[in-house]
Amino acid sequence: MFHIFKYRFICFIKDKTILFWSLLFPIGLATLFFFAFSNLGSESNLDVIKVAVVDNGNKDFNAVVEELSKEGDNQILDATYTSEKKAKKLVKDGEVEAALVSSDKPTVLYRNDTLETQILKEVVQSYLRINATVNTIANENPQKMNDMVITDLIENKVLVKDYGSNAGSSDPTMQYFYTIIAMTCMYGGFWGLKSISDTQANQSDRAIRLNIAPTHKMKLVFIDYLVTFTLMVVELAITFAYLILVLGVDFGSYFPQVIGVSLCGVLMSLGMGIMIGCISKLKENTNITIISMGSLFSCFLAGMMASNMPYILNQSVPFIKYINPATLITNSFNMLYYYEDISPVYINMAILVGMGIIALIISYNVLRRKAYASI
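Each residue of the sequence shown is one higher than the one before, starting from 822 at the first, in our numbering.
Following this line, the structure appears as structure tokens:
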């Protein structure tokens, strides 16, 4: 068995195309991300946002605006109270970034979608969430309502506890590097596809030779799975070493769990690659394209091209985070980086492993029924 393992390993590492896409491409992309976003995580003072405020009688929201407009180091808004007509003109002329309409349901009027308008929209959304929470408590548990609870909710107070080194520092660029690891894991599907293509006589001359060999096909598939898993472990080790030692990426103090999530992602991607190779009747190059595009789309949903994409999807189609492999991986990394309670990470790991097992079961049922009239 070791003899077969050794020669299959040599055979796999000679495939320079897959080595490029599963190892060199993620490293190159991580390097580009590093140079593109290296200054985003540095501390900088956000300019005070000039806004027009239309007072339509919402005293609570007015109090929020006044609090955010207080002069000092924490000032966020420079508010000018005016009529709605004048506010719209100020926005149109570019004299203010946006207008806040302080009605029963506050809204933001703006001309261009900028970072400042995103902040203002988040302020409004936070107020609406807090207001809904207060109303829910008042309706369901009025006995729990008191002045202190109301004050804390309105002022959006957060109790912070020091958990030592459990969490990493807050860095908005980390999401991009998480998707790099997710992409590396997803590209394990290339190796899974190659391994199964080499055991199907209708795919290549090498597969014909393997099929007429006395070794049982399922034994070959199992050995190939071990070989490709070993290859992916090596590639992940190189990628992590490059990100940490060269680029200085911090994965927090739960690094063993980070490795565990990555390995679960590899198990899933190898299974998916094998399954696609088993059930697809298309040419190998077409199957490679399917895996490549599927992996990129999965990483796109996880935030590779837009870091706020997971948040957008979580608001509209929340179940996506449980079925998209790249999102499962990146969400797990986020939990390990920012949270003390990491129990949901193990659920995500179980889902990834479950996906891989289901894919392997399907592949086994397809493979054991395959037969060739002649080779």
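We treat Cβ as the ideally placed atom computed from N, Cα and C, and that holds for glycine. Since this is a predicted model, take the numbers as computed values, not measurements.
Whole-Å CB distance - residue i paired with residue j, under 8 Å assumed
i               : j                  : result
methionine 1096 : serine 1184        : 5 Å
lysine 1015     : aspartate 836      : 6 Å
glycine 1009    : serine 1083        : Between serine 1083 and glycine 1009 the Cβ distance is about 10 Å, and since that is not below 8 Å, they are no contact.
tryptophan 1012 : threonine 1049     : 4 Å
tyrosine 1143   : isoleucine 1172    : 6 Å
alanine 919     : leucine 941        : 5 Å
valine 912      : leucine 930        : 6 Å
glycine 1098    : isoleucine 1017    : 4 Å
valine 1042     : leucine 1188       : 7 Å
methionine 1114 : phenylalanine 1121 : Between phenylalanine 1121 and methionine 1114 the Cβ distance is about 10 Å, and since that is not below 8 Å, they are no contact.
asparagine 952  : serine 924         : So it is not a contact: roughly 12 Å between Cβ atoms.
Where residue i falls, given that 16 or more other Cβ within 10 Å makes a residue buried
i                 : result
valine 1138       : exposed
serine 1116       : buried
lysine 827        : exposed
proline 1165      : exposed
arginine 806      : One cannot answer for residue 806 here, as it falls past the ends of the chain, which runs 822 to 1196.
phenylalanine 998 : buried
serine 947        : exposed
asparagine 1152   : buried
methionine 822    : exposed
valine 1067       : exposed
methionine 1125   : buried
asparagine 806    : Nothing about residue 806 can be read from this structure; the chain reaches only from 822 to 1196.
phenylalanine 856 : exposed
asparagine 960    : exposed
aspartate 1045    : buried
leucine 1103      : exposed
glutamate 887     : exposed
leucine 844       : buried
aspartate 914     : exposed
leucine 949       : exposed
Other residues of its chain near residue i: CB distance less than 8 Å, five sequence neighbours each side excluded
i               : result
alanine 988     : Any reading at alanine 988 must be qualified, since the residue scores a pLDDT of 46, below 50, and its modelled position is unreliable; the value itself is stated next. Once the five neighbours on either side are set aside, the close Cβ partners of alanine 988 are Gly1073, Ser1074, Tyr1158, Tyr1159, Tyr1160 and Glu1161.
isoleucine 834  : Leu840 and Leu1052
isoleucine 1163 : Tyr1075, Gln1078, Met1156 and Leu1157
glutamine 1136  : none
threonine 957   : none
isoleucine 1109 : Phe1011 and Leu1014
methionine 1176 : Met1089, Gly1092, Met1093 and Pro1146
valine 917      : Lys871, Val872, Ala873, Thr901, Ala908 and Leu911
Range covered by the alpha helix (DSSP H) that runs through residue i
i                 : result
tyrosine 1143     : 1141-1144
alanine 873       : Unbroken run through alanine 873 is the beta strand (DSSP E), 870-876; no alpha helix (DSSP H).
aspartate 836     : Unbroken run through aspartate 836: none, as it is neither H nor E.
leucine 1068      : Note, leucine 1068: premise wrong, no alpha helix (DSSP H); not H, not E.
aspartate 894     : That residue, aspartate 894, is in no alpha helix (DSSP H); it is neither H nor E in DSSP.
alanine 884       : 880-889
asparagine 1169   : 1164-1188
methionine 1130   : 1130-1137
phenylalanine 856 : 846-858
Extent of the continuous beta strand (DSSP E) to which residue i belongs
i             : result
lysine 803    : Examination of residue 803 is not possible in this model, given that the chain is present from 822 through 1196 alone.
threonine 928 : 928-931
Close Cβ partners of residue i (< 7 Å) along its chain, the five nearest in sequence each way excluded
i               : result
leucine 850     : Ile1001
tyrosine 902    : Val874 and Asp876
cysteine 1006   : Ser1083, Gly1086, Val1087, Ser1090 and Ile1150
serine 1119     : Met1007, Asn1145, Pro1146 and Ala1147
proline 847     : Ile1001, Met1004, Thr1005 and Thr1060
isoleucine 1179 : none
isoleucine 831  : none
leucine 1181    : Gly1092 and Ile1095
Chain B contact for residue i (CB, 9 Å cutoff)
i            : result
glycine 1073 : Checking the listed chains, one finds no chain B in this structure; it contains a single protein chain.
Own chain partners of residue i with C-beta closer than 6 Å, once the 5 adjacent residues on each side are dropped
i             : result
valine 922    : Val875 and Thr928
leucine 898   : Ile870, Val872, Leu889 and Ser890
glutamate 905 : Val875
serine 1128   : Gln996
*asked:* Quick check on the DSSP output: what are the complete alpha helix (DSSP H) runs of length 4 or more inside the region 1049-1126, in order along the chain?
replied: 1076-1100 and 1105-1122
*What are the start and end residues of each continuous alpha helix (DSSP H) run of 4 or more residues lying completely inside the region 903-951, in chain order?*
If we require 4 residues or more, the alpha helix (DSSP H) runs fully inside the region 903-951 come out as 905-914.
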